[in-house]
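Student: In terms of the working numbering, the sequence shown opens at residue 127 and continues consecutively.
Have a look at this one.
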Amino acid sequence: MSESLYGGMDLSGIAEAQKQESEPAQAADYTVHLTAATLQSVMQQSLTVPVIVLFTMDGLPGSTGQKLEAETKKRGGRFQIAVANAQTETELMAAFQVSGAPSGYALIGGRSIVPLFQGEPNDEQLTAVIDQVLELARQAGIGGRISGDSQQTGETAGELEEHYLAGAAALQSGDLTTAEAEFRESLNVMPDNEAAKIGLAQVDLVQRTAGVNREEVLAQADEKGAADPEIQLQAADIETASGRPDLAFDRLIATIAETSGDEREKLRKRLLELFEVVGADQPIVAEARKKLARALF
């Protein structure tokens, strides 16, 4: 793996984890209707993004479909939802071996069908299901994105890619002003562009860690603990920039558990910013969110 350093900080781990997100989003709707006639096109779509197939009694997305669409939008179009009518699509019911509705299945790589749930999953269960699907897709080498708009033009996609790639190149070379400007232009083209959001978060991180003495800050943070929230913030930034966001997340969550008021809120906000650096759809972020919830409540 090639090494990329800026200000003494190793960003190669983060860059490697986000490599698949550099491609422009494919023009496609977040939710589509699945029938026997459209199965082939949905299977083709699953070669680039995983598809969560939702069988319902009336062929409408319902509350589960709405939650799924909100999640894929939040995660930058990392998966598509295909809704099928369990009463009329008997061939599909047989193909997916559906025993009841509502029920959900993942279609990955054009052939793999993974049972996900039967009945209405709660929010926590649905989040776990989505994390599982994205991890399976990642293992299969599938990491594309969809735009949520099947009418998006090739010109828009090209402009989006141009600004994002320019921003990524500027970030790697240490030109933070240009990087920030290009990532913001990418967001102007597509406000839900997760890759550009991550790029901006990385720019902020590099700015905060520039010129910081890593060893000194980490030593002070370990010595002072939650008694000094500010040094914990600096240490978490350093750990994230060094490719160990897991350590940063645990550090901030532990400090959050021992603080209150404005200090706790500042720590919480920084943790959410570091989630953006890593990427909202990463399993490590999903796990950290659970730990954060336990620390807060």
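Cβ coordinates follow ideal geometry from the N, Cα and C atoms, glycine included.
#1: Go to ILE357, then tell me how far its beta strand (DSSP E) extends in each direction, as first and last residue.
#2: Check whether the Cβ of ALA208 sits closer than 7 Å to any heavy atom of the ligand MN, and report yes or no.
#3: Could I get the ranges of all uninterrupted beta strand (DSSP E) runs contained in the region 154–223, with 3 residues as the minimum, in chain order?
#4: Near GLU197, which residues of its chain fall below 6 Å by C-beta distance, leaving aside the five closest residues on each side in sequence?
#5: In the structure shown, what three-state DSSP assignment does ALA336 receive?
#6: Quick one: measure Cβ to Cβ for GLU215 and THR161, integer angstroms, because I've assumed they're closer than 8 Å.
#7: With which residues is ILE239 paired in a DSSP beta bridge?
#8: How far does the alpha helix (DSSP H) with THR381 in it extend, from its first residue to its last?
#9: Since ARG396 contacts LEU378 with CB under 8 Å, what's their CB separation in whole angstroms?
#10: Taking all protein chains shown into account, do 16 or more other C-beta atoms lie within 10 angstroms of the C-beta of SER172, making it buried, or fewer, making it exposed?
#11: Tell me, to the nearest whole angstrom, how far the beta carbon of GLY236 is from that of ALA210; I am working on the premise that it is less than 8 Å.
#12: So which of VAL411, ALA232, GLU250 and SER386 has the shortest CA-CA distance to THR366?
#13: Can you check which of these residues, PHE205, LYS193 and ALA221, is closest to GLN166 by C-alpha distance?
#14: Considering ASP388, what are the terminal residues of the alpha helix (DSSP H) in which it resides?
#15: From SER238 to GLN206, what does the alpha carbon distance come to, in whole angstroms?
#16: Hey, how far is the Cα of ARG340 from the Cα of ALA212?
#17: Looking at C-alpha atoms only, which residue of GLY191, ASP376 and GLU402 is the closest neighbour of ALA208?
#18: Go ahead and pull the three-state DSSP assignment for ILE410.
#19: Mark ASP388 as exposed unless 16 or more other C-beta atoms lie within 10 angstroms of its C-beta, in which case mark it buried.
#20: Would you identify the three-state DSSP class for LEU256, choosing helix, strand or coil?
#21: ALA374 and ALA362 look like a contact to me (Cβ under 8 Å); what is the Cβ gap, rounded to whole Å?
#22: Residues bridged to GLN251 by DSSP?
#23: Just to confirm, are ILE324 and VAL224 a CB contact at a threshold of 8 Å?
#24: Note down, in chain order, each residue of its chain lying with its Cβ closer than 6 Å to the Cβ of ASP136, except the 5 sequence neighbours on either side.
#25: Considering SER423, what are the terminal residues of the alpha helix (DSSP H) in which it resides?
#26: What first and last residue would you give for the alpha helix (DSSP H) that runs through ALA305?
#27: Going by Cα to Cα distance, which pick from VAL158, MET169 and LEU393 is closest to ILE234?
#28: Rank MET183, GLY188, VAL259 and HIS159 by C-alpha distance to the C-alpha of PRO409 and give the top, closest one.
Tutor: Working from what's here:
#1: ILE357 -> not in any beta strand (DSSP E); alpha helix (DSSP H) instead, spanning 355–367.
#2: For the ligand MN, the structure offers nothing, since it holds no ligand at all.
#3: 157–159, 177–182 and 206–211
#4: ILE256
#5: coil
#6: 6 Å
#7: LEU233
#8: 371–383
#9: 6 Å
#10: buried
#11: 17 Å between Cβ atoms; not a contact.
#12: VAL411
#13: ALA221
#14: 387–404
#15: 15 Å
#16: 58 Å
#17: GLY191
#18: helix
#19: exposed
#20: Contrary to the premise, residue 256 reads as Ile rather than Leu in this sequence. Note: ILE256 maps to helix in three-state DSSP.
#21: 4 Å
#22: Beta-bridge pairing links GLN251 to no other residue.
#23: no
#24: Residue placement at ASP136 is flagged as unreliable, the pLDDT there being 44, under the threshold of 50; the coordinate-derived value follows with that caveat. The answer, listed in chain order, is SER368 and GLY369.
#25: Note on residue identity: the sequence assigns Phe, not Ser, to residue 423. Here PHE423 belongs to no alpha helix (DSSP H), and DSSP marks it neither H nor E.
#26: 302–315
#27: MET169
#28: VAL259
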